[in-house]
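Inspection log for the structure reproduced underneath, given as structure tokens.
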Amino acid sequence: MNDSEIGTQAPENAPRIDTGLASLVMLARFHQVAASPEQLAHEFGSPDQSLSQDSLLLAARKLGLKAKAAKTTTERLDRTPLPAIAADNNGGFFISP
Numbered sequence: 001m002n003d004s005e006i007g008t009q010a011p012e013n014a015p016r017i018d019t020g021l022a023s024l025v026m027l028a029r030f031h032q033v034a035a036s037p038e039q040l041a042h043e044f045g046s047p048d049q050s051l052s053q054d055s056l057l058l059a060a061r062k063l064g065l066k067a068k069a070a071k072t073t074t075e076r077l078d079r080t081p082l083p084a085i086a087a088d089n090n091g092g093f094f095i096s097p
């Protein structure tokens, strides 16, 4: 199988993944904090949209995690508390180790 045979896009009917919510749940579990993605989505989200940055901060604080929004550069990553949830340029989120 070559690269042209491998699809790189999700099918239109595939469920949309809330990368912010998924990142928050993984980070909470890393810190041994129980977190239910369904409960957090119900409490802080809306059915048709992913959690916003503000909603992620509120949800993290509700779980007892320290959370704040901060901008940093690659030069300052060595002084940035990690792991952390980072935002990409496309509006998605990921965990920066």
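Going left to right, the sequence shown walks through residues 1 to 97 as UniProt numbering numbers them.
Note that beta-carbon positions come from the ideal geometry of N, C-alpha and C, so glycine has one too.
Treat the numbers as computed from the prediction; the structure is a model and nothing was measured.
Pull up the DSSP beta-bridge partners for Ser50, would you. The residue labelled residue 50 in the question sits at position 50 within the sequence shown. In DSSP, Ser50 forms no bridge with anything.
I'd like the list of long-range same chain contacts for Leu58, defined as Cβ closer than 7 angstroms, with 5 residues on each side in sequence excluded. Counting from 1 along the sequence shown, the entry for residue 58 is found at position 58. Result list for Leu58: Phe44, in chain order.
Entirely enclosed alpha helix (DSSP H) segments - the UniProt domain "Peptidase C39" (18-95), minimum 4 residues: 19-30, 37-44 and 53-62
Kindly confirm or deny that the region 90-97 and the region 18-30 touch, where touching means at least three C-beta pairs closer than 8 angstroms. yes
Thinking just about the alpha-carbon of each residue, which of Pro47, Gln32 and Pro97 is nearest to the one in Glu38? Here residue 38 corresponds to residue number 38 of the sequence shown, with the count starting at 1. The shortest C-alpha separation from Glu38 is found at Pro47.
Check whether Gln53 and Ala41 have beta carbons under 9 angstroms apart: Start at 1 with the first residue of the sequence shown, and residue 53 comes out as number 53. Start at 1 with the first residue of the sequence shown, and residue 41 comes out as number 41. For Gln53 and Ala41, no; Cβs fall outside 9 angstroms.
In terms of alpha-carbon separation, which member of Thr72, Lys62, Asp78 and Arg76 lies closest to Asp88? Counted from its first residue, the sequence shown places residue 88 at position 88. If we check each option's Cα against that of Asp88, Thr72 comes out closest.
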